[in-house]
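With positions in the sequence shown counted from 1, the corresponding number in my numbering is that position plus 9.
Beneath this line is the structure, given in structure tokens, with notes to follow.
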Amino acid sequence: MIPILVAALWLPRTGAPVAAQAAETLPSFSYQLARAHELEPHRRTIPLVGVPSGSHQLRLKLVVSSTGSVSKADGQGDNDALKFWPAVRDEVSRWRFTPFEKAGRPVAAEVEEYIDLVPPERLPLRHVQAPVIRPDSKVTISLERAACYGTCPDYTVAVSTSGIVFEGRGFVVAQGKHTASIDSDKVRSLAKRFVEADFYSMDPAYRALVTDCPTYRLTIAIDGQTKSVTDYMGSWEGMPAVITDLEGRTDSLAHTERWVEGAEGLVQALLDERFNFQTFDAQMMLKEAASRGQTMTVRGLLEAGVPLKLLPAPTAKESDIINPLEFSGWLTAASRHPDTVAVLIHAGASRTDQRDKDLALAGAAESGRLDAVRALIAYGANPNADLDSLQITRHIAGITWQDPYSGSVLIYAAESGNPEMIREILRYRPNLEARNREGKTAIFAAGASDSDDRDGARVECVRLLAKAGADVNARDKEGQTPIFTVDDSVLSLLIRYGANLNIRNNKGETVLDAARKTSPQRVEALRDAMQNVHTPK
10 MIPILVAALW
20 LPRTGAPVAA
30 QAAETLPSFS
40 YQLARAHELE
50 PHRRTIPLVG
60 VPSGSHQLRL
70 KLVVSSTGSV
80 SKADGQGDND
90 ALKFWPAVRD
100 EVSRWRFTPF
110 EKAGRPVAAE
120 VEEYIDLVPP
130 ERLPLRHVQA
140 PVIRPDSKVT
150 ISLERAACYG
160 TCPDYTVAVS
170 TSGIVFEGRG
180 FVVAQGKHTA
190 SIDSDKVRSL
200 AKRFVEADFY
210 SMDPAYRALV
220 TDCPTYRLTI
230 AIDGQTKSVT
240 DYMGSWEGMP
250 AVITDLEGRT
260 DSLAHTERWV
270 EGAEGLVQAL
280 LDERFNFQTF
290 DAQMMLKEAA
300 SRGQTMTVRG
310 LLEAGVPLKL
320 LPAPTAKESD
330 IINPLEFSGW
340 LTAASRHPDT
350 VAVLIHAGAS
360 RTDQRDKDLA
370 LAGAAESGRL
380 DAVRALIAYG
390 ANPNADLDSL
400 QITRHIAGIT
410 WQDPYSGSVL
420 IYAAESGNPE
430 MIREILRYRP
440 NLEARNREGK
450 TAIFAAGASD
460 SDDRDGARVE
470 CVRLLAKAGA
480 DVNARDKEGQ
490 TPIFTVDDSV
500 LSLLIRYGAN
510 LNIRNNKGET
520 VLDAARKTSP
530 QRVEALRDAM
540 QNVHTPK
């Protein structure tokens, strides 16, 4: 299960006491960036005596000093989880990060983290004698990672003394069956680790009472003696941590990241197995690698002969899993990764495909990557493209597919939360009132309450659009104007630019009515904003 996290934003409200306003507001950083700053991976699944079955999450508010140490740590959560905070506080306080920076200088920062508390390990009650591993033992270790309700990689890899067999089923770069060679002694060495871990004595399954998560199945056969363990969120049910470790070691020995993520080594492995690069499957690998920003692999696949002229897809059956990238152009697949976009442009990908160029520009704008946007515009992408006119609806294998982008490039520039991106697109005098499928304009997207706001970037995005003449009272399909939906931090700015507080949505609600249905904090923020109106600059 992948936790949904956001960057902590702890700005004082306009109506906060004077003492609170005077306190220093530290910059906050996104969850992904905070994880990238870890000096060593932090332990986030912690078994503790007294924790019942399941997962109990502690949310952490951390202040990280300019040297990367944790200077303050607060635990949050329900009472059942909070009672374990004293037991893990010292460990969290020892976490270390590489310093966060602002304007090129190390700064103290605020981040939000989490810890999953799980029951203690349930060690085997009865020992089962494992087979003896001899110098000529035949060993097969297989790991199946099955699908979840989402985008979990779905594959099986078998590492044996005769070689590696990988079979990708979904959400991997290399679907289908692929092979590679391996040193048989390394396989036997891993098998010894299984024996040392008492794997043959483990329970056959560790299953949590949850849904929608991936199932992992780890199996070893030593000279015909087989043992298999099923892991379905097993750590929530006391599964020994060594099983997760063995799963990871199996992946590492097989180098499954080359097939799963398109990491280094994929192209050479394909060459070694005499893979046919002149196929639709090869083109899908190229798109998958491009969508993950695997620039070296993209370059290698092109050099190996993957054609850029799109080949027809095999006829799909209703039982088939359809990959949305099948309908994507080369540039659109890579649009969030500037280096990969550059490689594809250099190769002449979609040179005459205006639709792919324009949809890729929307994706690049949404990602906030100026270098990709500028490269695509230089290649002929239209910053004023009508994205609705590019929509193609497809009915395949009983499923209706529609392209993800609608409205205008400016809307996606606003969604990026990057003021520089908005400035770039505004240079081309776009239609400020273009609307997406929900009837929302760019100013809705710029102030959206579910977007990250780094150092007031969201407020600046809204200011740029309002100053350019965007209608702050534009209505979406529900009759709402931006002030109904934007983040609290944007409210006063919209009011200063003329937001109408008496407008009613399609339900007959005013802004204040809608705020009352949201939360007392929203009402407070709206009232504070109304009391602090002054002329916009």
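Each residue gets a CB set at the ideal place from its N, CA and C atoms; glycine is no exception.
Point to revise | Other residues of its chain near Ser-78: CB distance less than 7 angstroms, five sequence neighbours each side excluded | key: Excluding residues up to 5 positions away in sequence, Arg-105 lie with their Cβ nearer than 7 angstroms to the Cβ of Ser-78 in the same chain.
**Study point:** Cα-Cα separation between Ala-32 and Leu-279, rounded to whole angstroms
**Key:** Because Ala-32 carries a pLDDT of 44, less than 50, the predicted location of this residue cannot be relied on, and the following value inherits that uncertainty. Rounded to the nearest whole angstrom, the C-alpha separation of Ala-32 and Leu-279 is 58 angstroms.
Point to revise | DSSP-derived helix/strand/coil call for Ile-331 | key: Correct three-state label for Ile-331: coil.
Exercise for review: Let me know if Ala-112 comes out buried or exposed under the rule of 16 or more other beta-carbons within 10 Å of its beta-carbon.
Suggested key: Exposed, since its Cβ has fewer than 16 Cβ neighbours within 10 Å.
Practice item. Look up Gln-234 in the DSSP assignment and give the residues it is bridged to. Key: Note: Gln-234 sits in a beta bridge opposite Ile-231.
Check your understanding: Of the choices Val-468, Leu-473 and Ser-398, whose alpha-carbon is the least far from that of Ile-434?
Key -> Of the residues Val-468, Leu-473 and Ser-398, the one whose Cα lies closest to the Cα of Ile-434 is Leu-473.
Review point. Buried or exposed: Tyr-467, going by 16 or more other Cβ atoms within 10 Å of its Cβ?
Key: Correcting the residue type first, residue 467 is Arg in the shown sequence and not Tyr. Flag for Arg-467 reads buried.
Check your understanding: Taking C-alpha atoms, which residue in Gly-247, Phe-180, Asn-541 and Ala-206 lies nearest to Glu-335?
Key -> Looking at the Cα atoms, Phe-180 is the closest of the given residues.
Point to revise | Minimum C-alpha distance to Val-269 - residue among Leu-134, Ala-155 and Gln-41 | key: When each option's Cα is compared against that of Val-269, the closest is Ala-155.
Check your understanding: Should Ser-75 and Phe-109 be called a contact, given that it needs their Cβ atoms to be closer than 9 angstroms?
Key -> Yes; because the gap between Cβ atoms is below 9 angstroms, this pair is in contact.
**Study point:** Cα-Cα separation between Ala-25 and Thr-34, rounded to whole angstroms
**Key:** Caution is warranted here: a pLDDT of 38 is assigned to Ala-25, below 50, making its placement in the model unreliable, and the coordinate value is therefore given only provisionally. The straight-line gap separating the alpha-carbon atoms of Ala-25 and Thr-34 is approximately 13 angstroms.
Practice item. Following the continuous alpha helix (DSSP H) through Arg-383, name the residue where it begins and the one where it ends. Key: 379-387 is the span of the alpha helix (DSSP H), which, as asked, contains Arg-383.
Check your understanding: Under three-state DSSP, which class holds Pro-491?
Key -> Three-state DSSP puts Pro-491 in a helix.
Exercise for review: Pull up the DSSP beta-bridge partners for Asp-163, would you.
Suggested key: Asp-163 pairs with Gly-179.
Review point. Can the beta-carbon of Ile-229 be found less than 9 angstroms from the beta-carbon of Val-137?
Key: No. Outside cutoff.
Point to revise | Boundaries of the alpha helix (DSSP H) in which Tyr-421 is found, first to last residue | key: Start and end: 418-424.
Practice item. Express the C-alpha separation of Arg-52 and Val-182 in angstroms, rounding to a whole number. Key: In a straight line, the C-alpha of Val-182 is about 29 angstroms away from that of Arg-52.
Exercise for review: Return the residue from the list Asn-332, Asp-496, Phe-175 and Arg-267 that minimises the CA-CA distance to Gly-465.
Suggested key: The residue with the shortest Cα to Cα distance from Gly-465 is Asp-496.
Review point. Hey, how far is the Cα of Arg-525 from the Cα of Met-539?
Key: The alpha-carbon atoms of Arg-525 and Met-539 are separated by roughly 15 angstroms.
Review point. Under three-state DSSP, which class holds His-187?
Key: DSSP, read as helix, strand or coil, puts His-187 in strand.
Practice item. Can you give me the Cβ contacts of Pro-162 inside the same chain, cut-off strictly under 7 angstroms, excluding the 5 residues immediately before and after it? Key: Non-local C-beta neighbours of Pro-162 in its own chain, meaning closer than 7 angstroms and more than five positions away in sequence, comprise Arg-154, Phe-180, Val-181 and Val-269, ordered along the chain.
Check your understanding: Considering only C-alpha positions, which residue in the set Phe-93, Val-73, Pro-115 and Ile-142 is nearest to Val-127?
Key -> The residue with the shortest Cα to Cα distance from Val-127 is Phe-93.
Review point. Which runs of the beta strand (DSSP E), 3 residues or longer, sit entirely within the stretch 212-286?
Key: Here the runs fully enclosed are 214-216, 225-231 and 234-241.
Check your understanding: Between Asn-482 and the rest of its own chain, which residues show a CB-CB distance below 6 angstroms, the 5 nearest in sequence each way excluded?
Key -> Here the set comprises Thr-490 and Asn-509.
Review point. Which whole runs of the alpha helix (DSSP H) in the stretch 295-328 are 4 residues long or more, in chain order?
Key: The qualifying runs are 304-312.
Check your understanding: Cβ of Arg-216 within 9 angstroms of Cβ of Glu-256?
Key -> Taking 9 angstroms as the Cβ cut-off, Arg-216 and Glu-256 do not qualify as a contacting pair.
Practice item. Go ahead and label Ser-528 buried or exposed: buried means 16 or more other beta carbons lie within 10 angstroms of its beta carbon, across all protein chains shown. Key: By the beta-carbon neighbour count (other beta carbons within 10 angstroms, threshold 16), Ser-528 is exposed.
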